[in-house]
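So the structure is just underneath, and the comments pick up after that.
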Amino acid sequence: MRFARILHAELRKALTLPATLVAAGTSVAASVALAAYNAGGVRAAIDSGRLDTVGYTSPVEAALSATPLGTVGAVILGVVAISSEYAVNSTDAGGGRQVAATLAAAPGRVAVLGAKAITVVLLVAAMAAVALPASLATARHIIGSEAPAEPVGTIALRAAGVALYWALTALLALGIATLARSGTLPLVVLIANSSVVSFSFLLSNLTPLAYYLPDLAGMRLFAQESWAMVDDALDPVTGGLVMGAWALGLLVVAGFAFARRDA
Amino acid sequence: MISIDRLSKRHGARTVLSDVTFDAQPGRVTAFLGPNGAGKSSTLRILLGLDRATSGSALVDGVPYRALRHPARAVGAMLDGSGAHRSRTARNHLAWVAAAGGIPRRRVDEVLAEVGLWEARRARVSTFSLGMGQRLGLAAALLGEPAALVLDEPVNGLDPEGIRWIRRLLRGYADDGGTVLLSSHLMGEVAEIADDLVVIAGGRVVRSGPLSEVSAGYDNLEDAFFGLTGGSAR
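Protein chains in written order, with our numbering: chain A, 1083 to 1345; chain B, 18 to 251.
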């Protein structure tokens, strides 16, 4: 009962925060645009008869190659859910932080963080439910009738894998930003890690243990074995479980810190 | 009733509060008075469960704030202005506070009208003046029709009309049996509102009691304040 109220409040907060809507909307638009661009490349190869210039002809691959953009969106959703609590109002307006109002309204801190985690997962699920079908439909439309047929079940499973990877990434971001009590540093590090270059990936050149780090562990939730960089990655189920354990562990640590320290 | 009992707080080697003890009674306006940095906000933050005391207790109707079943109905609080995220609108801010407190949605519009922010309900908090932020913070405190109000520097940034308005509002609240605890570093404003005074300086309560007792022996409250806090003007 009390938790339902806190969850309701957290959902309301998230949906009335412009940053949430901008992050989700931009990720969806960018994912669809990249899927269209990739599909355009496939279409051009098919038209010119030079299929050797592309790694795939499948619309599913064209759509899912945009996955890192959704990962960035998930990172922002996870970070903003907590960093918005610590954003300082201008001194003109009293210089306060929302976290004081949040914890005065709901003193149960573990419940507050739990409600934030559920909110973040729901937001990511909504983002995936729009971005993935739209990307897939766009890619299929552009590649056209030459597209290889793929069973619906396989496609659905891979889309679910992508959504799960995004959700776990968002929870990791939530945990890290809770510990950091701010948004800037976690955003810079996590966005660079998921878009420019993955530190875990660099580390995997030194030791195979790097495949157990959170972002690489879950790689095969969306990446095919044929993707060169994930040759030795954990299989989807093991990897998903390892990544899930990281997210859960980090949230427990973050929850402990959030409950103990002065707001 | 709010009871603060031998509250102490240390940050490392620095002592923020030592042995702070006082009550705020129902039906009375209690002003927590002291220069900036004296420990007023720290005390109120501990009372509201935001910070932990090193020792001592701060209770609302005999229980710690964190153990209250319906905090929004027991205590309406305002700390550091509105507590609203700057990119949210006034109404959306109050809507989530109401949701968290299990308070009916209609109260949001009622308190917006009550504090004079009805016209600004769709404006983002980042466009608010300090006075409007204070009004929004007060609106959030009033949402649950609580038995007690705990307000940190509520008159800060209000114009003279706003000060008159809040004075009347708090007087009415106490006269209806509510407990009002407000902090301030502005003696003039407090003298007009308060029934009881708690004067704090350097983390210690230097005097507490009814207004007339605390200022006894001084020409006015301002002299009493500087006399008791051993201070020159900040």
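Positions of the beta carbon are idealized from the N, C-alpha and C atoms, including for glycine.
>> Which residues in chain B have a C-beta closer than 7 Å to the C-beta of A/Ser-1166? List them in chain order.
In response: By Cβ distance, chain B contributes His-102.
> Taking the alpha-carbon positions, what's the A/Thr-1184 to A/Arg-1342 distance?
Replying inline: 16 Å
>> Among A/Gly-1122, A/Ala-1339, A/Ala-1086 and A/Ala-1345, whose alpha-carbon lies nearest the alpha-carbon of A/Gly-1226?
In response: Closest by alpha carbon: A/Gly-1122.
> How many angstroms separate the CA atom of A/Met-1325 from the CA atom of A/Leu-1099?
Replying inline: Each residue's CA atom was taken as its position, placing A/Met-1325 and A/Leu-1099 some 28 Å apart.
> Between the segment 112-133 of chain B and chain A, which residues of the former have CB atoms less than 9 Å from a CB of the latter, in chain order?
Replying inline: Ala-112, Trp-113, Val-114, Ala-115, Ala-116, Ala-117, Gly-118 and Gly-119
> So A/Leu-1064 and A/Ala-1299 are in contact, right, with Cβ under 8 Å, and what is the actual spacing, rounded?
Replying inline: There is simply no residue 1064 of chain A to check, as chain A begins at 1083 and stops at 1345 in what is shown.
> Under the three-state reduction of DSSP, which class applies to B/Arg-31: helix, strand or coil?
Replying inline: Three-state result, B/Arg-31: strand.
>> Does B/Asp-236 pass the burial test, meaning 16 or more other C-beta atoms within 10 Å, or should it be called exposed?
In response: exposed
> Nearest-angstrom Cα distance between A/Ala-1199 and B/Lys-26?
Replying inline: 32 Å
>> Contact between the segment 1118-1135 of chain A and the segment 148-155 of chain B is defined here as three or more beta-carbon pairs at a separation below 8 Å; is this criterion met?
In response: These segments do not touch.
> Would you call B/His-276 buried or exposed, if buried means 16 or more other Cβ atoms sit within 10 Å of its Cβ?
Replying inline: Chain B is shown from 18 up to 251; residue 276 of chain B falls before or after that span and cannot be answered.
> Identify the residues that DSSP records as bridge partners of B/Leu-214: which are they?
Replying inline: B/Ala-48 and B/Gly-226
>> Need the endpoints of the beta strand (DSSP E) that A/Pro-1139 sits in, please.
In response: Per the sequence shown, the amino acid found at residue 1139 of chain A is Thr instead of Pro. Here A/Thr-1139 belongs to no beta strand (DSSP E), and DSSP marks it neither H nor E.
>> Measuring alpha carbon to alpha carbon, tell me which residue in B/Asn-53, B/Leu-65, B/Ser-74 and B/Ala-30 is nearest B/Arg-23.
In response: B/Ser-74
> Are the segment 1271-1289 of chain A and the segment 1153-1168 of chain A touching, with three or more C-beta to C-beta distances below 8 Å?
Replying inline: Verdict: yes, contact present.
> Can you name the residues of chain B whose CB is closer than 8 Å to the CB of A/Leu-1099?
Replying inline: Per Cβ cutoff of 8 Å: His-102, Ser-104 and Arg-105.
>> Less than 8 Å between CB atoms is the rule here; does A/Ala-1111 satisfy it with respect to chain B?
In response: no
> Where do the N-terminal and C-terminal ends of the beta strand (DSSP E) with B/Ser-201 fall, by residue?
Replying inline: 196-201
> Going along the chain, which unbroken runs of the alpha helix (DSSP H) with 4 or more residues stay wholly within the segment 1196-1269 of chain A?
Replying inline: Within the segment 1196-1269 of chain A, the complete alpha helix (DSSP H) runs of at least 4 residues are 1234-1262.
> A/Asp-1314: buried (16+ other C-beta within 10 angstroms of its C-beta) or exposed?
Replying inline: Answer is exposed; the Cβ neighbour count stays below 16.
>> Once DSSP output is grouped into helix, strand and coil, what is the label at A/Val-1279?
In response: Coil at A/Val-1279, not helix or strand.
> Got a sec? Which residues, its chain only, sit under 7 Å from B/Arg-108 by beta carbon, not counting five neighbours each side?
Replying inline: Val-125, Leu-129, Arg-138 and Arg-139
>> Taking the beta carbon of B/Ala-241 as the centre, do at least 16 other beta carbons fall within 10 Å, making it buried, or is it exposed?
In response: buried
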